[in-house]
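To start, the structure under review is shown below, and the notes come after it.
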Amino acid sequence: MLSKLLFVALVASPLVAAHGKVAVITGDAGGNTTALGIQGGIVPGPGKNSVTEVDTTVFNSKKALSNGLGKTTGGGANTLAGMSAVMAQSGSVLPQVSNGGSISGTIHIVTTDGAGPYTAVVDPTGTGAFASGTEATVTTQVPGKNGNIAAPNQRRFLPRMLVKMGLMKRAKNVNEDYPFSATIPAGTTCSGTVGGQSNVCLVKLVNPSGAGPFGGVIAIQMAGAANSSAAPAAAPAAAAAGTTTAEAAKAGKAGAAAKKAKPVGAKFRA
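In our numbering, the protein residues as written are 1 to 270.
This is how it looks when you write it as structure tokens:
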């Protein structure tokens, strides 16, 4: 009788994928970002899976250390060019990470196969070459087992048993946020260029779901590096220096007194 009941329940349940995505990540030295493919507030939290899952990244390989940026159902294949859209949402300062520092933020579990545990892989080349990347140490983990978590209406005996057996691979809306953090290996040097930013690393955050895996790819920079994001702040100083040089040249033509100006002061202003 139980076997018949299980069979009926199995046939009635849709065996399709569920999702979890990276909502926001910050660096321990400032800055923030979201993942490639994220569409922001236009994607609802609760609702039908076809509506809530459109900006969740799905990776091709089940291995965390595997190349590629993944894809979403709403936007297709993720590309490095998409980082410009990411920065338009989250701002021009990527997460800044100190040497041996960390990233932290929020993983949004969309549906039941989007749970933890999550792995973080750092690609210092900023190209998506995660197969040769380095795993970061996860310090705050998203709950779940093998990427699964029970939705509220799957916590009764029969649905819970089907989920535990791996027979119900889905698929109820969870719509819950969980904190996540990871320590970036000390000595990491970033060499990528994305979204107009230099010295960028990519970090892949991915769960082990058999229906995915799911997660996202973010960009970070190491604090203190000569990042291009710091260039605008230096521009006013350069402009001021140019004005001072021009004024000094004009003063030099005014007479011999200008030629006797202290050279140390002239150097400093230039």
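Where a beta carbon is used, it is the ideal one built from N, C-alpha and C, also for glycine.
**Study point:** Burial state of residue 92, where buried means 16 or more other Cβ atoms lie within 10 Å
**Key:** Exposed, by the Cβ-count rule.
**Study point:** Sequence-distant residues of its chain with Cβ nearer than 6 Å to residue 87 (five each side left out)
**Key:** For residue 87, where only same-chain residues beyond five positions count, the Cβ hits under 6 Å are 195.
Check your understanding: Considering residue 39, what are the terminal residues of the beta strand (DSSP E) in which it resides?
Key -> Judged by DSSP secondary structure, residue 39 falls outside any beta strand (DSSP E); it is assigned neither H nor E.
Practice item. Have a look at residue 331 and residue 67 and give me their C-alpha separation to the nearest angstrom. Key: Residue 331 lies beyond the range of the chain shown here (1 to 270); nothing can be said about it.
Practice item. For residue 65, name the three-state secondary structure that DSSP assigns. Key: Note: residue 65 maps to coil in three-state DSSP.
Practice item. Put residue 31 into one of helix, strand or coil per three-state DSSP. Key: If DSSP states are grouped into helix, strand and coil, residue 31 belongs with the strands.
**Study point:** Contacting residues, own chain, Cβ-Cβ under 6 Å from residue 100 (five flanking each side not counted)
**Key:** Closer than 6 Å at the Cβ level, and outside the excluded window around residue 100, lie 186.
Review point. Is residue 139 buried or exposed, if buried means 16 or more other CB atoms sit within 10 Å of its CB?
Key: It counts as exposed.
Check your understanding: According to DSSP, which residues form a beta bridge with residue 73?
Key -> Answer is none; residue 73 lacks a bridge partner.
Check your understanding: Alpha carbon to alpha carbon, what distance is there between residue 173 and residue 48?
Key -> Spanning the two alpha carbons is a distance of roughly 7 Å.
Exercise for review: Under 8 Å by Cβ, that's how I've got residue 107 and residue 23 pegged, so tell me the actual separation to the nearest angstrom.
Suggested key: So it is a contact: roughly 7 Å between Cβ atoms.
Exercise for review: Along the beta strand (DSSP E) that carries residue 138, what are the first and last residues, could you check?
Suggested key: Residues 137 to 140.
Exercise for review: Using only alpha-carbon positions, find the residue among 176, 148 and 121 that is nearest to residue 64.
Suggested key: The option with the nearest alpha carbon to residue 64 is 121.
Check your understanding: Skipping 5 residues on each side, what residues in its chain have a beta carbon closer than 6 Å to that of residue 119?
Key -> The residues are 64 and 206.
Practice item. Keeping to the same chain, check which residues put their C-beta closer than 6 Å to that of residue 134; ignore five residues upstream and five downstream. Key: The beta carbon of residue 134 lies closer than 6 Å to those of 122 and 185 in the same chain, with the five residues before and after it left out.
Point to revise | Same chain only: Cβ atoms within 7 Å of residue 35, ignoring 5 sequence neighbours per side | key: Counting only residues of its own chain and dropping the five nearest sequence neighbours on each side, residue 35 has a CB closer than 7 Å to the CB of 21, 22, 57, 216, 217 and 218.
Point to revise | Three-state secondary structure assigned by DSSP to residue 130 | key: Here DSSP, grouped into helix, strand and coil, assigns residue 130 to helix.
Review point. Would a C-beta distance cut-off of 9 Å place residue 179 and residue 62 closer than the cut-off?
Key: In this structure, residue 62 does not lie closer than 9 Å to residue 179 by Cβ.
Point to revise | Straight-line gap, residue 81 to residue 127 (C-alpha atoms, nearest Å) | key: Answer to the nearest angstrom: the Cα atoms are 11 Å apart.
**Study point:** Beta carbon of residue 105 nearer than 9 Å to that of residue 32
**Key:** Cβ atoms of residue 105 and residue 32: closer than 9 Å.
Review point. From the DSSP output, which residues share a beta bridge with residue 179?
Key: Residue 179 is bridged to 106.
Practice item. For residue 72, collect the residues of the same chain with a Cβ closer than 8 Å to its Cβ; drop the 5 residues on either side in sequence, then sort them by chain order. Key: Annotation for residue 72: 37, 54, 55, 56, 57, 58 and 78 place their beta carbon closer than 8 Å to its own, counting only its chain and skipping 5 residues before and after.
Practice item. Answer with yes or no whether the minimum CB distance from residue 144 to chain C is below 9 Å. Key: Considering every chain present, this structure includes no chain C. It has just one protein chain.
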